[in-house]
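A.B. asks: In case it helps, the working numbering puts the sequence shown at residues 19 to 120. Note that beta-carbon positions come from the ideal geometry of N, C-alpha and C, so glycine has one too. Dumping the structure here so I can ask a few things about it.
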Amino acid sequence: MKNLLIIFFTITLLSAQPWVMFNDLDDTYLYDQASGQVYIRIKKGGKNYEDTFVKMGIIDNYNSIKSPQQPTQNTTKEQEELLKKVQEAQRSIQESIFQDEK
């Protein structure tokens with residue numbers, strides 16, 4: 019009976035782990051299923067056991083999402099201006115070609 023109780027207790031402890039570790043090609047993350055917090059591994063340049071995990075905050079995530087949007091808008095405006103200039107140059111070249119053919 020005692021062995022059965024120990025086996026049951028061990029299985030429940032192993033199945034109740036709220037932490038999930040996952041990674042992409044560059045970073046390793048820990049996800050706490052109970053609180054929803056995400057921790058990212060910071061490499062210290064030594065052994066793996068010397069690395070630390072730092073909690074990712076909502077502010078960091080918000081800034082990283084907001085920052086790329088601003089250059090994208092500027093880039094699209096610049097691209098539109100460049101496209102207009104290229105189209106004008108193409109029209110002038112085509113007009114000069116058609117005038118030479120006549």
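Got a sec? Which residues, its chain only, sit under 6 Å from residue 57 by beta carbon, not counting five neighbours each side?
C.D. replies: 48, 71, 73
A.B. asks: Could you tell me whether the Cβ atoms of residue 60 and residue 50 are closer together than 8 Å?
C.D. replies: Between residue 60 and residue 50, the C-beta gap is not smaller than 8 Å, which leaves the two residues out of contact.
A.B. asks: Could you spell out the range, first to last residue, of the beta strand (DSSP E) harbouring residue 57?
C.D. replies: 56-60 is the span of the beta strand (DSSP E), which, as asked, contains residue 57.
A.B. asks: Return the first residue and the last residue of the beta strand (DSSP E) that residue 73 is part of.
C.D. replies: 70-73
A.B. asks: Which residues bound the beta strand (DSSP E) around residue 50?
C.D. replies: 46-50
A.B. asks: Tell me the rounded alpha-carbon separation between residue 67 and residue 20.
C.D. replies: 36 Å
A.B. asks: Return the CA-CA distance between residue 40 and residue 25, expressed in angstroms with no decimal places.
C.D. replies: Approximately 28 Å between the Cα atoms of the pair.
A.B. asks: DSSP beta-bridge partners for residue 41?
C.D. replies: 46
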